[in-house]
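Below: one structure, written as structure tokens.
Numbering (UniProt numbering), first residue to last: 1 to 609.
Structure, rendered in structure tokens:
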């Protein structure tokens, strides 16, 4: 045990509290702190207990984790020391941690963070995860089995991820961030939470995203090899590190994810994480599921059946191809459909990809052929659609797009979703993904209308980005179901009384982390925003004139809730057209025998309009 007497520690001693301290018998405690010292070669770490400092040694196997033994029963704080004979204190935590009374070791405590796990005001539940149940749950706070839940995503925690990689590879990954091959490396990953450590070898780390690569703070993707890590990281093998570069609050994506969970929608779950590469701090990220991966689908859509073989997974992407993932019918030939728009994720084999796309074309055929004028005006219409689509879950997702202003998604952009079809089934299920452009973030010219306008204006007069939604909203019952869903979520979960408390809880959790994140030098050159950490709380309230700041997060919650509360019924007008978009894709009849070249020319001409 290293022990330093500490006359120099007087400078950081808090004022003596009034009253005599309670005498409690002391016992040895293993103190554990996660820290990246300014210079690990010349600095060391200690724990100041009372007027004495006890040295902590780096764990030989776990990067950034320091351990050492000291007495219990007195408040303590961690310090950074100069590694010379005098052991001068260079830095110390500005707060005292409460004394350890009975435990024999601390949690893995992050240096400078005064808590290990926080209570965040909880989200009430609106629906369960069985979409055949149309009614809201009776008890909004009763425990329920979330198929996407994982111990990885513990509420009120921030984890640490450390990658040990070749230094030259790391530099190349960042300098060549737009090169798909050069922006991918492998190394050892260490995961540290307040109560657990897990380590993995040969983990893939790559720069992720599309347009987000242009930012100085880039996102990443993580892939843990399944063969050498059969249990993954709490049954997760494919993950995203979401940079939240466009959001000064860094909580819009988290809040939107909370609403998805409350509404019974299986989607990516997440937890905040500090990222380090070779001991260098990279930034604060939102560590989330890669929800189009086979491993995620297997764990969630086949809950409690982890060995089940997955069916067809297709990701809808408007950012890589020539048009949006809009479900426009382009004929029976799968070659007519842009593989960059409809990316088959369940297999890399061309023959299996063709089978998946063929099944998708069958669904598009159903959408085009369905006669809405003959559709029932009651819940029996669900019997027509459920064999093809989990339509109730789909409508709940679309309702949340309107509530949360998620414009880079299905309705407005034909983007950021996956669809999944189980083996031996014809039904498709939508899985939404990537929720940073929500609650007033981005798309400034339309945000006022999106926040307080009528939901029909989201698609009205714009190029159609979902022929599926255009078809559904021609039917009175589907419109009724959509509006009923809006009202139920608005009343039970997305109301200011609930969300503002949760925002305040997340703000307390993130305030120090955002200050740390904004102090870091970025690994790449690119777009930045002049957001000051001192303005973090201000960004939650009202918007400013600056880009990506027109609407404050709380402002959106309050005004959107009021707009939906005052919403009028539209079901009676469904058959006459609601929010009708502009059809810019070629109208190809079922069974039309045009050549592939002709169809491609028709699509190209339509896209250019």
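Where a beta carbon is used, it is the ideal one built from N, C-alpha and C, also for glycine.
Keep in mind that this is a model prediction, so the values were computed, not measured.
Answer with buried or exposed for residue 597, where buried requires no fewer than 16 other C-beta atoms within 10 angstroms of its C-beta.
exposed
Compute the Euclidean distance between the alpha carbons of residue 354 and residue 344, then round it to the nearest angstrom.
9 Å
Helix, strand or coil: how does DSSP classify residue 626 here?
Residue 626 lies beyond the residue range present for the chain, which begins at 1 and ends at 609; the question has no answer from this structure.
Tell me whether residue 530 is buried or exposed, calling it buried when 16 or more other Cβ atoms sit within 10 Å of its Cβ.
exposed
Rounded straight-line distance, which links the Cα of residue 86 to that of residue 177:
45 Å
Can you tell which of 311, 385 and 520 has the C-alpha that lies nearest to the C-alpha of residue 281?
520
Less than 7 Å between C-beta atoms, sequence neighbours within five positions excluded: which residues of the same chain meet that for residue 21?
Unreliable placement is indicated for residue 21, whose pLDDT of 49 sits below 50; no coordinate value is reported for it.
Per the DSSP calculation, residue 288 is bridged to which residue(s)?
240 and 270
Below 8 Å, can you find three or more Cβ-Cβ pairs linking the segment 559-569 to the segment 243-251?
no
Would you please state the rounded distance, in angstroms, between the beta carbons of residue 463 and residue 581? I believe it to be under 8 Å.
6 Å
Please classify residue 416 as buried or exposed, where buried requires at least 16 neighbouring CB atoms within 10 angstroms.
buried
Is it the case that the segment 522-539 contacts the segment 373-381, given that we only count it when at least three CB pairs across the two stretches are under 8 Å?
no
Could you give the C-beta distance for residue 566 and residue 466, rounded to a whole number, given that I count them as a contact under 8 Å?
Their Cβ separation, rounded to whole angstroms, is 26 Å, which puts residue 566 and residue 466 out of contact at 8 Å.
Take residue 112 as the anchor and find which of 368, 155, 37 and 59 has the nearest alpha-carbon.
37
For residue 579, the nearest candidate out of 473, 460 and 495 (CA to CA):
460
Give me whichever residues DSSP pairs with residue 49 in a beta bridge.
52 and 76
In terms of DSSP beta bridges, what is residue 110 paired with?
34
Within 10 Å of its beta-carbon, does residue 79 have 16 or more other beta-carbons around it, so buried, or fewer, so exposed?
buried
List the DSSP bridge partners of residue 507.
DSSP output for residue 507 lists no bridge partner at all.
Using the beta-carbon count (16 or more within 10 Å), is residue 590 buried or exposed?
exposed
Using the beta-carbon count (16 or more within 10 Å), is residue 60 buried or exposed?
exposed
Among 436, 52 and 339, which residue has its Cα nearest to the Cα of residue 257?
436
Residue 250 to residue 571, Cα distance in whole Å?
37 Å
Among the residues of its own chain, which have a CB less than 7 Å from the CB of residue 551, if the five just before and after it don't count?
440, 447, 451 and 543
Classification of residue 601 by the beta-carbon crowding that lies within 10 angstroms, buried from 16 upward
exposed
Are at least three pairs of beta-carbons, each pair with one atom in the segment 87-99 and one in the segment 184-193, less than 8 Å apart?
no
Quick check on residue 167: buried or exposed, where buried means 16 or more other Cβ atoms within 10 Å of its Cβ?
exposed
Quick check: the Cα distance between residue 470 and residue 377, rounded to an integer number of angstroms?
17 Å
With distances taken Cα to Cα, identify the nearest neighbour of residue 289 among 124, 192 and 152.
152
Excluding five sequence neighbours on each side, which residues of the same chain lie with their C-beta closer than 6 Å to the C-beta of residue 217?
243, 245, 283 and 522
Could you tell me the alpha carbon to alpha carbon distance between residue 268 and residue 319, rounded to whole angstroms?
20 Å
What's the call for residue 525, buried or exposed, on a 16-neighbour Cβ count within 10 Å?
exposed
Could you tell me which uninterrupted alpha helix (DSSP H) segments, each at least 4 residues in length, are contained entirely in the segment 162-198, listed from first to last along the chain?
167-175
Span separating the alpha-carbon of residue 410 from that of residue 418
10 Å
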